[in-house]
Structures are given as structure tokens and as C-alpha cells.
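Per the numbering used here, the sequence shown starts with residue 34, numbered consecutively.
Quick reminder that beta carbons are idealized off the backbone N, C-alpha and C, glycines included.
Bear in mind the structure is a predicted one, so any value in this text is a computation, not a measurement.
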Amino acid sequence: MKVLDQESLHTLFEHAARQPRKRTNLNWHPQLEDPIQRMFNALQPGTYVRPHRHQAGRWESFVHICGRALVLTFDDAGRVMARQELSEAHTRAVEIPGGVWHTLLCLAANTVVMEVKSGPYQPTDDKDFATWSPEEGDAAAMSLLAWMTHAQPGNGYSAY
34 MKVLDQESLH TLFEHAARQP RKRTNLNWHP QLEDPIQRMF NALQPGTYVR PHRHQAGRWE
94 SFVHICGRAL VLTFDDAGRV MARQELSEAH TRAVEIPGGV WHTLLCLAAN TVVMEVKSGP
154 YQPTDDKDFA TWSPEEGDAA AMSLLAWMTH AQPGNGYSAY
């Protein structure tokens, strides 16, 4: 039996804090070819998950475990369509249909969400990145991250 206990969570917190990307994941699926991908994503503030979408028909779910995260969805031009906080006091889970632009933001230290998505994982075509968003490592990424933290439905980002 697989178990995610407090010790496992603390290990994930520490590992994410040491990573340059300020995040890490613990896969629960046995192999990348598994038809259902299951993983725990540990996030620290300042991590930038570039807005992206998965192929039509390839959904993705996030389930709150601890901390606070924010899920945003966007239209093709980068305008916010929906905003859901994942936390104990708010939404506990979301599912994003394939073909929908989205991102995940960390709002509090030691945040963990369980990600479940259809597999198998294909690194070459798992996702498309939004052309209106900067790549990871680009100085403009932190500006977009700061904007997304406060963005509301209907808002569009124009600084990039």
C-alpha cells in the first residue's frame, strides 16, 4: 500500500525548497506508460508553472492536500476565464478539460496538490505552452507570476 504521511510531506517540502524551480513531484503511477498519471506536486512560493494546455480529451485534475494554490484558466489571448483557490477554506479539487489554457500558482509555503491526468505521458506532446507567456527562466516570467496572483476573470496580461 502506498501512503502519503507527514514524514513524506516534510520530505517533499524540503526537496521543493532546494530546487531551482521551487517545486518537485512524487509519482504514484508505476511507469510513464500508465493510462492514469497520479502524482503529488509540492510547491513553494515563487515557482512559475508556465501557462499551458493538454490535448483535447486529455483532462487534468488537482486535489488540495495542504497549503494554498491557485488555478487559473485562460482564453487563447491570455485573458483569465476562471480562478479557483485550492485550500482548506475554499475549493478542494478542480478538473480542467483538455484544450484549456491553465496554470497552477503557489500561494503559501509547503503547498501540496495531487495531480491526476490521463496518460500515458508523452514528453514530446504532453502540453503546448501559451505563446503569450514567457518561458521558465525568462525575467518576464516573474512579472507574469506576480500579475497572475491577483488576476481576476476578465483580466488580460499585456506586459509580455
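With a threshold of 16 other CB atoms inside 10 Å of the CB of residue i, please say whether the residue is buried or exposed.
| i | result |
| --- | --- |
| residue 51 | exposed |
| residue 168 | exposed |
| residue 36 | exposed |
| residue 102 | buried |
| residue 57 | buried |
| residue 93 | buried |
Within a Cβ cutoff of 6 angstroms, which residues of the same chain sit near residue i, ignoring the five residues on either side of it in sequence?
| i | result |
| --- | --- |
| residue 82 | 136 and 137 |
| residue 44 | none |
| residue 188 | 113 |
| residue 134 | 84, 86, 107 and 163 |
| residue 21 | Nothing about residue 21 can be read from this structure; the chain reaches only from 34 to 193. |
| residue 141 | 100 and 101 |
Cβ of residue i within 8 angstroms of Cβ of residue j?
| i | j | result |
| --- | --- | --- |
| residue 65 | residue 153 | yes |
| residue 139 | residue 42 | no |
| residue 100 | residue 143 | yes |
| residue 165 | residue 110 | yes |
| residue 69 | residue 176 | no |
| residue 145 | residue 73 | yes |
| residue 184 | residue 132 | no |
Assuming residue i contacts residue j (C-beta within less than 8 angstroms), just tell me the rounded distance between them.
| i | j | result |
| --- | --- | --- |
| residue 95 | residue 163 | Rounded, the Cβ-Cβ distance is 18 angstroms, inconsistent with contact. |
| residue 116 | residue 105 | 6 angstroms |
Relative to the ligand GDP, is the shortest distance from any of its heavy atoms to the C-beta of residue i smaller than 7 angstroms?
| i | result |
| --- | --- |
| residue 74 | Only the bare structure without any ligand can be found here, which leaves the ligand GDP out of the picture. |
Please list, in chain order, all residues of the same chain as residue i whose beta carbon is under 8 angstroms from its beta carbon, the five residues on each side excluded.
| i | result |
| --- | --- |
| residue 71 | 60, 61, 62, 147, 148 and 149 |
| residue 178 | 79, 81 and 138 |
| residue 158 | 88 |
| residue 55 | 49, 76, 77, 78, 79, 80 and 139 |
field: Cβ pair count under 8 angstroms reaching 3, the segment 111-122 against the segment 43-63
entry: Judged by Cβ distances under 8 angstroms, the segment 111-122 makes no contact with the segment 43-63, as fewer than three pairs qualify.
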